[in-house]
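Q: After the structure tokens below, expect a handful of questions from me.
Here you go:
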């Protein structure tokens, strides 16, 4: 048998690639175990890159070797600690063909330098930081964050709060500013991006029944996205709560109010549908009212695109109390324009009876209540045709509701509505708002 030449391994060679990768992965895992709890507890996404932007890491590694060597371990501060085991081990070694178990050689191994992040994470601004040019009623106004003067706190939603403001140097300009925290949590971040995208796309189209969009900027000090939009006088929820303080309400006044709301909001939802969008959060809080008697749709953070079947395949979004029966079934059906019609029906009935018609104390009970509730609409204070229309929107099966918003807009009591609110409509709205102003001081 021909003798084969077998070369002796060179003891000075570096560790095998697999061993180096193992050491790097193990060390990085330890580092991240320390960093992750801190990072996870920091909701402000501007702080996270700071926590991760560490300097280069060096380590003198502990690595098991054949039993004839003794190991030196150097920690990250340069100190060396001997480790004694039954089988002595050493990292540093020199080639010696006469080496025995008792002989000791030494080689110091240093893990190659690497960064946790090679460079800081760069945040992509969703809007200009600190200042922006706003387009306010065909005027272009350069505004800085410090120019905002808060006049009144207007309300708070799931993802932000709203205040009315004027602007230093332009005191005739009044607008609403919605502030949304720049959270890294996926649900909140997604709603924030959607809200801004939809406002830029829809609020700039001059649809008369969608809130106007003026511009946006980032408040870097408070880590908030500020969306500047049209200032309305009140929400439908606040209005109907005050309206019922009047006592007896004329059926004719309430009927005209409901007809105007149906026309304006169905028109807004049809505008969304033509652009292939679904709102998914129709409720009295998201319908705004002007003292001039017209309505506008707001809050687009839950919007999504619809497919060929006029439905969406993404998860449920919106306010559970306004979910339609098909959304609370198991398994749930996709959201559709008929789901928004149900929410509009609940909104109309809520205005009539001064409360949500099937509200539960918690989410689980709310699902059950929606599934088992049989809609009833009183006729004492509304006309017959309005009662039938609300019940049409509240059919338990989505297929039995209107097929489109065009169908609603072509109903005679909506089609024959005057283009602008009448004096009677405006006086009714103004009277209720006057009471609201007196109550709030």
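In our numbering, the protein residues as written are 162 to 602.
Glycine is no exception: its CB is placed at the ideal position from the N, C-alpha and C atoms.
Between which residues of its own chain and residue 427 is the CB-CB distance below 6 Å, once the five residues before and five after are set aside?
A: These residues qualify, in order along the chain: 566, 569 and 570.
Q: Quick one: Cα of residue 289 to Cα of residue 353, how far?
A: Rounded to whole angstroms, residue 289 to residue 353 spans 15 Å at the Cα level.
Q: Does the region 508–522 come into contact with the region 536–545, if we say contact requires no fewer than three beta-carbon pairs (one atom in each stretch) closer than 8 Å?
A: With a cut-off of 8 Å, the region 536–545 and the region 508–522 count as touching, because enough Cβ pairs lie within range.
Q: Per DSSP, residue 499 is paired with what?
A: Answer by DSSP bridge pairing: none, since residue 499 is not bridged.
Q: Using three-state DSSP, classify residue 479 as helix, strand or coil.
A: Of the three classes helix, strand and coil, the one that applies to residue 479 here is coil, per DSSP.
Q: Distance check for residue 503 and residue 157, CA to CA, integer angstroms please.
A: Since the displayed the chain opens at 162 and closes at 602, residue 157 lies outside it and no answer follows.
Q: Say whether the region 388–407 touches the region 512–524, bearing in mind that this needs 3 or more beta-carbon pairs closer than 8 Å, one atom from each stretch.
A: Because the criterion of three Cβ pairs below 8 Å is met, the region 388–407 and the region 512–524 touch.
Q: Relative to the C-alpha of residue 556, which candidate in 588, 485 and 491 has its C-alpha closest?
A: Residue 556 has its Cα closest to that of 485, out of 588, 485 and 491.
Q: Is the region 405–423 touching the region 317–335, taking contact as three or more C-beta pairs under 8 Å?
A: Contact between the region 405–423 and the region 317–335 is absent, because fewer than three Cβ pairs lie under 8 Å.
Q: Classify residue 335 as helix, strand or coil using the three-state DSSP reduction.
A: Correct three-state label for residue 335: strand.
Q: Of all the options 358, 378, 292 and 455, which has the alpha carbon lying nearest to the alpha carbon of residue 583?
A: Per the Cα distances, 455.
Q: Give the range of the alpha helix (DSSP H) segment to which residue 399 is assigned.
A: Note, residue 399: alpha helix (DSSP H), 397–404.
Q: Please work out which residues of its chain come closer than 7 Å, Cβ to Cβ, to residue 544, disregarding the five sequence neighbours upstream and downstream, and give them in chain order.
A: Excluding positions up to five away in sequence, the list reads 412 and 416.
Q: Are there three or more Cβ pairs, one per stretch, closer than 8 Å when the region 434–450 is compared with the region 519–528?
A: Touching, no, given that fewer than three Cβ pairs across the two stretches are closer than 8 Å.
Q: Residue 384 by DSSP, collapsed to three states: which one?
A: Residue 384 falls in the coil class under three-state DSSP.
Q: Using a Cβ-Cβ cutoff of less than 8 Å, which residues in the same chain neighbour residue 493 once the five nearest sequence positions on both sides are dropped?
A: Contacts found: 477 and 487.
Q: Does DSSP classify residue 292 as helix, strand or coil?
A: Strand.
Q: For residue 527 and residue 489, what's the separation of their Cα atoms in angstroms?
A: So the alpha carbons of these two residues sit roughly 9 Å apart.
Q: To the nearest angstrom, how far is it from the Cα of residue 327 to the Cα of residue 356?
A: Each residue's Cα considered, the two are about 22 Å apart.
Q: Using DSSP bridges, identify the partner residues of residue 309.
A: DSSP output for residue 309 lists 328 as bridge partner(s).
Q: On the three-state DSSP scale, how would you describe residue 593?
A: Correct three-state label for residue 593: helix.
Q: Applying the 10 Å Cβ sphere with the 16-neighbour rule, what's the burial state of residue 596?
A: Flag for residue 596 reads exposed.
Q: Hey, quick one: how far does the alpha helix (DSSP H) through residue 426 stretch, first residue to last?
A: Looking at the DSSP string, the run of the alpha helix (DSSP H) that includes residue 426 is 412–435.
Q: If you reduce the DSSP assignment to three classes, tell me which class residue 544 lands in.
A: Residue 544 falls in the coil class under three-state DSSP.
Q: From this set, 313, 481 and 320, which residue's C-alpha is nearest residue 343's C-alpha?
A: Of the listed residues, the one whose Cα sits closest to residue 343 is 320.
Q: Between the C-alpha atoms of residue 495 and residue 363, what's the straight-line distance to the nearest angstrom?
A: Computed Cα separation, rounded: 24 Å.
Q: Can the beta-carbon of residue 441 be found less than 8 Å from the beta-carbon of residue 387?
A: It is not a contact, given that the beta carbons lie outside the stated cut-off.
Q: So residue 458 is in the beta strand (DSSP E); what residue range does that whole segment cover?
A: Segment 456–458, the beta strand (DSSP E) holding residue 458.
Q: Closest to residue 462 by CA distance: which of 593, 360 and 308 is it?
A: Per the Cα distances, 360.
Q: Using 8 Å as the threshold, is the C-beta distance between residue 547 and residue 452 below it?
A: Not closer than 8 Å, so no.
Q: Would a C-beta distance cut-off of 8 Å place residue 395 and residue 291 closer than the cut-off?
A: Contact flag unset, no.
Q: Enumerate in chain order the residues of its own chain whose CB-to-CB distance from residue 374 is below 7 Å, with the five nearest sequence positions on each side excluded.
A: 360, 361, 364, 365 and 390.
Q: Which residue spans inside the region 503–581 form an unbroken alpha helix (DSSP H) run of at least 4?
A: Segments of the alpha helix (DSSP H) lying fully in the region 503–581: 524–533, 545–554, 566–570 and 573–576.
Q: Taking the beta carbon of residue 483 as the centre, do at least 16 other beta carbons fall within 10 Å, making it buried, or is it exposed?
A: So residue 483 counts as buried.
Q: How big is the Cα-Cα spacing for residue 295 and residue 372?
A: Roughly 15 Å separates the two Cα atoms.
Q: Do residue 410 and residue 542 come within 8 Å of each other at the CB atom, strictly closer than that value?
A: Yes, they are a contact pair.
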